[in-house]
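Residue numbers (my numbering): -16 to 394.
Written below as C-alpha cells is the structure these notes are about.
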C-alpha cells in the first residue's frame, strides 16, 4: 500500500507510529513489570526452588510465541481491527484473573492465557505496519515505534517496584489489565482497517500452509528471523534471571530498575539513530555493524565473568552497550525479514513471530535455568547466541555482508 494517499486514514504518521508503539508496549509491560515482583511471588506461594520463579515470565513468552501460528490462519481473512480488539479484550480479562489467582499453577495458567492474547495483538501490529509501508520506510516506522515502545522497559520495572511499595504483587496485574482495556478503547475509536479487500484470504489450512512454506523458503526472511531469535533468546535469559542476578550476585536488588532503565534508554537512542540513518546507509550496513558490536561486548562480558573480575558497574556498562547494539539492529532485521512477504503479511508475521518468540523463549529459559550464583551461564549464553546469529546472517546473505542493496533489491 506504499504510495497510497492515506494508508491509515484518520491518523497522521506520528499518531500511527504512537498507536503501534502503545499496542506493542502491552507485551513489554507484561514482562518487565513482573521482574521486581518475582521474589514476592515466590514468597507468597512458598516456592522451594530458586529458579522456579522464572516461569512467571517464561510461560508468558512461551505462550506468546507458540500461539502466533493460530492467528496466522485468520490474520489475512478477517482484517486487522476486529482481531486486534478481541485480543486486547481477552488480555484484559486474563490479567484480572491473574490478580485473583489462588495458587502458583493458577497464576501460570492466567499468564499463559495473557501470552496467548498478546500474541494476536503482536501479529496484527506487524501486519498493520506492512499493510501501510514497505522497504526503508517500513524500517523507519519500525525504528520509531520501537523507540517509543522502549519507554515501557525504561519505566516498567520502576512502576512494578513502586506498586510493591504500596500494594501486594497482585496490583501489578490489575494495572496491566487497565492499560490493555484503555488501549482497546483507543483502537476502537481511532484505528481504521488497513488491509485491502483484495488481500483477504480464506480461513483454510491449504492457503495458510502455502503462505507459511513461502515464508520459510525465503532465504533472507528465514535467516534474519533466526538471527533475531538467537539475540532475543540471550536477552530473555538475562531477563528471566535478572532478579536473582541483582539480589544474589551483587546484593543490590533495588538497583535493577534504574540499571534496566539505562539499558532501555540506550536501545531507544539506538532506534532513534537508526531511524535517522537507515535511509542514508541502508539496513544491512547498520545492522551488520551492530551485530559485530554485540559480539564484541558479549565477549568482554564473558571474559570478565570467567576471570571472576566482573563488578556491578562493569556488568551494567556491558549490558548497556549490548542493548545499544540490539536497538540498532532490531528494526532493520524485522524490516528485512518482512520485505519480500507483503502479499502474505499476516501469515508471514505469524510464522516469523512463532519462530522468533517461541525459539527465543526456549533459549532464554535454558540460559536462565542454568543460573548458579555466577554470571558465567549468562555470559556464555550471550556469546554463543551472538556468534550463531552472525553466522546465520552471513549464510542468509551468501557472505555479502555490509553490502547495501538497491531499493528493488532490499530483500
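Every residue gets a Cβ at the ideal spot worked out from N, C-alpha and C, and that includes glycine.
CA-to-CA distance, residue j to residue i, given in whole angstroms
i, j, result
"residue 48", "residue 338", "7 Å"
"residue 81", "residue 324", "37 Å"
"residue 357", "residue 42", "24 Å"
"residue 68", "residue 191", "22 Å"
"residue 17", "residue 249", "21 Å"
"residue 2", "residue 110", "14 Å"
"residue 37", "residue 386", "40 Å"
"residue 203", "residue 311", "19 Å"
"residue 10", "residue 383", "34 Å"
"residue 219", "residue 268", "26 Å"
"residue 265", "residue 40", "35 Å"
"residue 85", "residue 124", "42 Å"
"residue 376", "residue 272", "12 Å"
"residue 380", "residue 374", "10 Å"
"residue 34", "residue 224", "8 Å"
"residue 164", "residue 71", "7 Å"
"residue 99", "residue 44", "9 Å"
"residue 393", "residue 319", "Reliability of the predicted coordinates at residue 393 is poor, the pLDDT of 40 falling under 50, and the value obtained from them is presented with this limitation in mind. Each residue's Cα considered, the two are about 7 Å apart."
"residue -16", "residue 285", "Model confidence at residue -16 stands at a pLDDT of 41, short of 50, so the residue's coordinates are unreliable; what they give is reported in the following sentence. One C-alpha to the other measures close to 46 Å."
"residue 340", "residue 54", "14 Å"
"residue -14", "residue 321", "At residue -14 the pLDDT is 46, less than 50, meaning the model places this residue with poor confidence; the figure from the coordinates comes in the next sentence. About 18 Å."
"residue 210", "residue 352", "22 Å"
"residue 193", "residue 91", "34 Å"
"residue 171", "residue 73", "15 Å"
Supposed close pair residue i, residue j - CB separation, criterion 8 Å
i, j, result
"residue 365", "residue 217", "5 Å"
"residue 160", "residue 87", "Not a contact, Cβ separation roughly 20 Å."
"residue 343", "residue 215", "4 Å"
"residue 305", "residue 330", "Their Cβ separation, rounded to whole angstroms, is 32 Å, which puts residue 305 and residue 330 out of contact at 8 Å."
"residue 162", "residue 12", "6 Å"
"residue 50", "residue 102", "4 Å"
CB of residue i within 9 Å of CB of residue j, strictly
i, j, result
"residue 246", "residue 299", "yes"
"residue 361", "residue 346", "no"
"residue 52", "residue 333", "yes"
"residue 19", "residue 236", "yes"
"residue 173", "residue 4", "no"
"residue 146", "residue 155", "yes"
"residue 142", "residue 158", "yes"
"residue 277", "residue 316", "no"
"residue 107", "residue 6", "yes"
"residue 314", "residue 261", "yes"
"residue 222", "residue 24", "no"
"residue 89", "residue 46", "no"
"residue 195", "residue 8", "no"
Nearest neighbour of residue i, chosen from the options [CA to CA]
i, options, result
"residue 139", "277, 244 and 354", "244"
"residue 294", "352, 259 and 232", "232"
"residue 75", "64, 94, 89 and 306", "94"
"residue 367", "101, 145, 35 and 212", "212"
"residue 128", "105, 189 and 54", "105"
"residue 21", "13, 226, 335 and 353", "226"
"residue 302", "315, 282 and 313", "282"
"residue 327", "369, 197, 371 and 276", "197"
"residue 289", "352, 363, 207 and 309", "363"
"residue 307", "274, 89, 322 and 321", "274"
"residue 292", "238, 234, 348 and 359", "359"
heavy atom of the ligand ADP below 8 Å from residue i C-beta
i, result
"residue 349", "Questions concerning the ligand ADP fall outside what the structure shown contains, since it holds no ligand whatsoever."
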